[in-house]
Amino acid sequence: MLFKKPQVAFYPFMVLRDDYKCIRCKSCVDQCSFGATYYDEDLDKIMNHNENCVNCKRCEAFCPTDAIKVVKNPSTFHPDANWTEEAIRDVHVQALTGAVILTSTGNDKPIRNYFDHLLLDACQVTNPPIDPLREPMELKTFIGRKKDNLEFEDDGVSIKTTIGKQLELEIPVMFSAMSYGSINLNFQKAMARAAKEFGTYWNTGEGGLHKSLRQYKDCTIVQVASGRFGVDLDYLETSAAIEIKIGQGAKPGIGGHLPGEKVTEGIAETRMIPVGSDAISPAPHHDIYSIEDLRQLIYALKEATRYEKPVFVKIAAVHNVAAIACGIAHAGADAIVIDGVRGGTGATPKALRDHVGIPIELAIAAVDDRLRKEGLRNEVSLIAAGGFRNAVDVLKAIALGADAIYIGTAAKIAVGCTQCQQCHTGKCAWGITTNDPKLAKRLNPDIAAENLYNLLRAWAHDIKELLGAMGINAIESIKGNRLRLRSWGLTEQENKILGVLPAGM
Amino acid sequence: MEVKQISEKVYEITCGTVHYKALNEKIKELADNGAEKIILKEVYGQRYIGTGIKQKIKIEIHGTAGNDLGIFLYGPEIEVFGNAQDGVGNTMREGKIIVRGHAGDVCGYGMRGGKVYIEGDVGYRVGIHMKGYKNLVPTFIVGGKAGNFFGEYMAGGRLILLGLNRKSGEDIVGDYCATGMHGGVMYVRGEVPQRFLGKEVKVFEITEEDEKILREELKGFSEAFNIPVEEIMSEPFTKIVPVSARPYGRMYAHRWGIASGIIK
Chain A
0 MLFKKPQVAF YPFMVLRDDY KCIRCKSCVD QCSFGATYYD EDLDKIMNHN
50 ENCVNCKRCE AFCPTDAIKV VKNPSTFHPD ANWTEEAIRD VHVQALTGAV
100 ILTSTGNDKP IRNYFDHLLL DACQVTNPPI DPLREPMELK TFIGRKKDNL
150 EFEDDGVSIK TTIGKQLELE IPVMFSAMSY GSINLNFQKA MARAAKEFGT
200 YWNTGEGGLH KSLRQYKDCT IVQVASGRFG VDLDYLETSA AIEIKIGQGA
250 KPGIGGHLPG EKVTEGIAET RMIPVGSDAI SPAPHHDIYS IEDLRQLIYA
300 LKEATRYEKP VFVKIAAVHN VAAIACGIAH AGADAIVIDG VRGGTGATPK
350 ALRDHVGIPI ELAIAAVDDR LRKEGLRNEV SLIAAGGFRN AVDVLKAIAL
400 GADAIYIGTA AKIAVGCTQC QQCHTGKCAW GITTNDPKLA KRLNPDIAAE
450 NLYNLLRAWA HDIKELLGAM GINAIESIKG NRLRLRSWGL TEQENKILGV
500 LPAGM
Chain B
0 MEVKQISEKV YEITCGTVHY KALNEKIKEL ADNGAEKIIL KEVYGQRYIG
50 TGIKQKIKIE IHGTAGNDLG IFLYGPEIEV FGNAQDGVGN TMREGKIIVR
100 GHAGDVCGYG MRGGKVYIEG DVGYRVGIHM KGYKNLVPTF IVGGKAGNFF
150 GEYMAGGRLI LLGLNRKSGE DIVGDYCATG MHGGVMYVRG EVPQRFLGKE
200 VKVFEITEED EKILREELKG FSEAFNIPVE EIMSEPFTKI VPVSARPYGR
250 MYAHRWGIAS GIIK
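Going line by line, the protein sequences match chains A and B. Residue numbers are given in numbering that gives the first Met the number 0: position 277 of the first sequence equals residue 276, and the series is strictly consecutive. Residue numbers are given in numbering that gives the first Met the number 0: position 71 of the second sequence equals residue 70, and the series is strictly consecutive.
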């Protein structure tokens, strides 16, 4: 028998503290929500439980004398390309617990990021670039079903064609679905406020809409998932659009499970379940086993809201995503949301997060191609999600064929997240993915809203600069315009799927 | 579709083969203009009847109600003289649905309030994921028998199965009854063999408190179908409740950080 459990003996991270600089203010002890540091009165020293450290860096940020550095444990396992540190650790955990390893955030494996293998075009001599600081540049995007052509009145000017409800975005970036429960109200409030101020949308996720957020109705997308938490007629009506969640990139094919201890009074009320009871989302919607059934739910939502709300359908990017997306378009959805393999989550089995699904870049290209071939592309908007890191990723995705992008992880990082993969524990030291009142208070919704607004503003400028360099003055003109992309370091097959030429051609 | 005004606030619509969109639009329009009762004749499977209306109107359906009858229902009282199809009372919140016949699969899915009474049998996965919160308690009563996965993932509310008028040898419920149940209560008239039940539940005899609840709940059912409560209560009931509000504890472990590993 081991003297110590392997997780305790071979911890992954450690807190280095410069005892000379440390003034015993104990702010690190106070800030650590994982119990990784404590004050020893007899020694008058701050000590560590390194085995509890998750590298969230909260203590580092709060140390007034810069005495702390959180580092990777220099003591490594024996170097082995097969039996990596991760593989060994996972066996240790499962041998001791007999349990499924739960984790959060997005896939952290080095799956090829195709955005990093795509390059944008620019104008030289033969056509002029545009300076976005002094010339008009339009990022306005409309999400919703469009008509194939326009019909005009007899005067030849007035438009006869009418189209259904559209969402109007000032930037083709929206905040992705993150439920109240997986994150707290402060973060939802910040997203709602930033979305309203900037002219975009935020998404409630599947946990219902808290009454304090109903004022943001016009920039809210409400989600209907298999658990149907918080779903009633009021909820459906308090929205700009409704999203049916079939799947999520970080956990395709499985449901959700909010543990009972996280179901506090506010969450219970919003989800309409008892306090302390597990919130289980079934893997499928049990009223959807086919495309025809999906159509039935889409039209149920349209009937319930008197055809006033666009209905989105969100799926994970899986192997035959193009065929499924076509089915969704046929089923009557106004927008298809595709979440790629790098999409984040508040809790998922590690095996699913890291090994199920396909990269969003390939999914966008495949779906856009297929919808065009079937003559359906106009009928439905395409929203991509799953690990978008910056404005360039956004623009490349739009050039591949997406209409708009959802960001979740980037929004989380904008308000302080350090990606320590502990969302599922409910102990988030940065106060983002926790509903512990003491911890949640750490996220100031005013500052967070400002951060999110700034992020959108910066990305909008970036996109405008890039468009200007390409000589394009409206985001609409780059949509699906893969001629303005080139690839490097990809195989012929990959280029074919992406529909791009290699650099130099 | 033919609309006839019977009296000041009562309308009759002969539906025939009209598309559900036109029919529901008409019903909503009449409800918005103050109709109190709408009688639908010759209903041939039109879907979503009763959804999107907040007025407490009465809707009578003669014929066969289509899928998702009363989905997201929020007030209306619906009575079907005939059979209903799949998804009766799907994600319903308030109101009442009475079906004088059989109903199909996934009825009462995610139901969080109101009452549904089915006179005959129901299909698979009925009453799954029903919820309850404080004074919002849904009740779903099945007069006949039920298919597989009855009350799966049930999280709240009351699901009552009577099994009246069964042929001898017919089972009252199918396999995997109450699997994953973690809230609410299920009452079954007679006994449910253990082999039909999920491992997350326990079976009890009903207490006095339960009998009071049952009598109260059965009153509406008894009135709707003209079956005396005493007759229904003449056989003993079984009560099925979850063992835990957390059926899947000890299933998951942390990757690192919390040294004990397991998530309790």
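Glycine is no exception: its CB is placed at the ideal position from the N, C-alpha and C atoms.
For residue i, count the other beta carbons within 10 Å of its own beta carbon; 16 or more makes it buried, fewer makes it exposed. Which is it?
i: R311/A; result: For the sequence presented, residue 311/A should be read as Phe rather than Arg. It counts as buried.
i: A189/A; result: buried
i: L438/A; result: buried
i: K3/B; result: exposed
i: G97/A; result: exposed
i: Q214/A; result: exposed
i: Q45/B; result: buried
i: W429/A; result: buried
i: I117/B; result: buried
i: L149/A; result: exposed
i: V156/A; result: exposed
Any beta carbon from chain A within less than 9 Å of residue i's own beta carbon?
i: D67/B; result: yes
i: A258/B; result: Note on A258/B: pLDDT 48, under 50, position unreliable in the model; the coordinate value appears next. Cβ-Cβ to chain A under 9 Å: yes for A258/B.
i: M250/B; result: yes
i: K20/B; result: yes
i: K312/B; result: This structure cannot settle anything about residue 312/B, because the visible part of chain B is limited to 0 through 263.
i: F71/B; result: yes
i: K130/B; result: yes
i: L39/B; result: no
i: T178/B; result: no
i: Y175/B; result: no
i: L160/B; result: no
i: V105/B; result: yes
i: P246/B; result: yes
i: G88/B; result: no
i: H181/B; result: yes
i: Y108/B; result: yes
Is there a C-beta anywhere in chain B that falls below 9 Å from the one on residue i?
i: K349/A; result: yes
i: P309/A; result: no
i: Q165/A; result: no
i: S238/A; result: no
i: H256/A; result: yes
i: F76/A; result: no
i: I100/A; result: yes
i: D277/A; result: yes
i: G155/A; result: no
i: H423/A; result: yes
i: M13/A; result: no
i: I182/A; result: no
i: Y505/A; result: Summary: the structure shown does not reach residue 505/A, with chain A confined to residues 0 through 504, and so no result is reported for it.
i: T96/A; result: yes
Mind reading off the beta-carbon distance from residue i to residue j? Whole number of angstroms is fine, and I expect it under 8 Å.
i: I9/A; j: N49/A; result: For the sequence presented, residue 9/A should be read as Phe rather than Ile. Not a contact, Cβ separation roughly 10 Å.
i: D277/A; j: R124/B; result: Actually they are not in contact, since the Cβ atoms of D277/A and R124/B sit about 19 Å apart, beyond 8 Å.
i: H423/A; j: L101/A; result: 5 Å
i: H116/A; j: G488/A; result: 5 Å
i: I477/A; j: R483/A; result: 6 Å
If you follow the beta strand (DSSP E) that residue i is in, where does it begin and where does it stop?
i: Y251/B; result: Y251 to H253
i: N47/A; result: K44 to N47
i: L168/A; result: L166 to L168
i: M190/A; result: M190/A -> not in any beta strand (DSSP E); alpha helix (DSSP H) instead, spanning L184 to F197.
i: E76/B; result: Y73 to F80
i: Q4/B; result: E1 to S6
i: Q222/A; result: T219 to V223
i: E41/B; result: K36 to Y43
What are the boundary residues of the alpha helix (DSSP H) that residue i is part of?
i: K313/A; result: Looking at the DSSP string, K313/A is not in any alpha helix (DSSP H); the run it does join, the beta strand (DSSP E), is V310 to A315.
i: C58/A; result: R57 to F61
i: C325/A; result: V320 to A330
i: T304/A; result: Unbroken run through T304/A: none, as it is neither H nor E.
i: I412/A; result: T408 to A413
i: C27/A; result: S26 to Q30
Run through the segment 195-249 of chain B for me and flag every whole alpha helix (DSSP H) of 4 or more residues, listed as ranges in chain order.
-> Within the segment 195-249 of chain B, the runs of alpha helix (DSSP H) that reach at least 4 residues and sit entirely inside it are, in chain order, 207-224 and 228-232.
Every unbroken beta strand (DSSP E) within the segment 84-113 of chain A, with a cutoff of 3 residues, ordered by chain | 99-102
What are the start and end residues of each continuous alpha helix (DSSP H) run of 4 or more residues lying completely inside the segment 429-459 of chain A, in chain order?
-> Scanning the segment 429-459 of chain A from its first residue to its last, the whole alpha helix (DSSP H) runs of 4-plus residues come out as 436-439.
Run through the segment 135-166 of chain B for me and flag every whole beta strand (DSSP E) of 3 or more residues, listed as ranges in chain order.
-> 138-141 and 154-160
Can you check the segment 343-422 of chain A for any beta strand (DSSP E) of at least 3 residues that lies completely inside it and give the ranges in chain order?
-> You should have 380-384 and 403-406.
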